[in-house]
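Mapping of the sequence shown onto numbering that gives the first Met the number 0: position 202 corresponds to residue 201, and the numbering continues sequentially without gaps. Ideal placement from N, C-alpha and C gives every residue a C-beta, glycine not left out.
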Amino acid sequence: MARPKKETLPTGPKVTMHNTLVRASHGLNLGEKRLVSIAVSKLSHTAAVLPGKPIRISAHEFAEAYGLDQSDAYKQLRAAQDKLWHRTIRHIEHYGSNGSKVEVVRMRWVTSARYKDHEGEIGISFAPEIAQFLVQLKKHFTSYQLKQASALRSVYSWRLFENLKSHESLGEWRVEVDRFHKVMETPKSYQKNFAQTRRWVLDPAIAELAEKSALSVSVETEKRGRKITHLCFTFEPIRQMALAL
């Protein structure tokens with residue numbers, strides 16, 4: 000019997016971001032997440048600065064990347080661009096002795112947005128404040144093939160995927176429940192009822208990652224008394240091994 004074939008990972012454009020950005024609150028719906036991700040995939044994370052010109056995305060490449068009908072792709076692209084103009088990133092910076100103090104920082108995703116209806120194309124420019132998270136990256140960054148996430152239909156699945164990838168070297172992610180809710184931006188009703196989080200966020204996201212991103216994920220809870228305080232994720236690639244007869 001021949002040895003199992005090694006897993007073949009998707010190829011193509013990569014999405015690369017500093018872990019600070021990956022683990023921040025993005026404030027994006029699925030359409031906006033798709034737009035940001037395809038725009039980031041056009042950057043070189045080793046570049047010295049952000050591009051001086053807007054990053055352009057056509058309806059054709061948007062449709063190709065996400066398996067959309069091209070007749071609807073431009074409408075979705077424009078809708079995502081309009082909403083992205085108002086979106087902000089929220090993250091926490093630690094400072095002071097032993098990082099004992101925190102500062103909440105909010106930054107806009109983009110500083111300009113333009114479109115050409117007659118050409119089916121839009122353009123965006125990322126804000127200078129987030130350049131530190133997108134270029135000149137030498138360490139503490141997360142990188143994945145866009146194709147690994149492009150089939151996802153839930154922004155919860157995508158955000159879980161990114162946060163797990165940012166802990167890939169460990170193969171696990173232990174996170175406070177409160178922090179998890181902030182990163183995933185769950186509704187307040189879910190934050191008050193873990194059963195809702197499990198039903199509408201965790202279980203569907205884990206199932207979708209297994210089906211569409213070839214990532215096997217399991218999660219356990221830690222409690223203090225009766226209160227769930229932490230989530231402990233373990234994960235590994237699902238290896239598609241073909242055995243020769």
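Closer than 8 Å is the cut-off here; do at least three beta carbon pairs connect the region 39-47 with the region 87-105? no
Local Cβ density within 10 Å of residue 141, reported as buried at 16 or more and exposed below that: buried
Taking DSSP's pairing of strands, which residues face residue 214 in a bridge? 236
If you follow the beta strand (DSSP E) that residue 108 is in, where does it begin and where does it stop? Here residue 108 belongs to no beta strand (DSSP E), and DSSP marks it neither H nor E.
Around the C-beta of residue 32, are 16 or more other C-beta atoms found within 10 angstroms, so that it is buried, or is it exposed? buried
With C-beta atoms as the reference, is residue 121 less than 7 Å away from residue 76? yes
Which runs of the alpha helix (DSSP H) at least 4 residues long sit entirely within the region 2-77? Give them in chain order. 18-21, 29-39 and 58-65
Buried or exposed for residue 173, going by 16 or more other Cβ atoms inside 10 Å? exposed
Going by the DSSP bridge assignment, what does residue 93 pair with across the sheet? 101
Inter-stretch contact (C-beta, 8 Å, three-pair minimum) for the region 205-224 and the region 49-57: no
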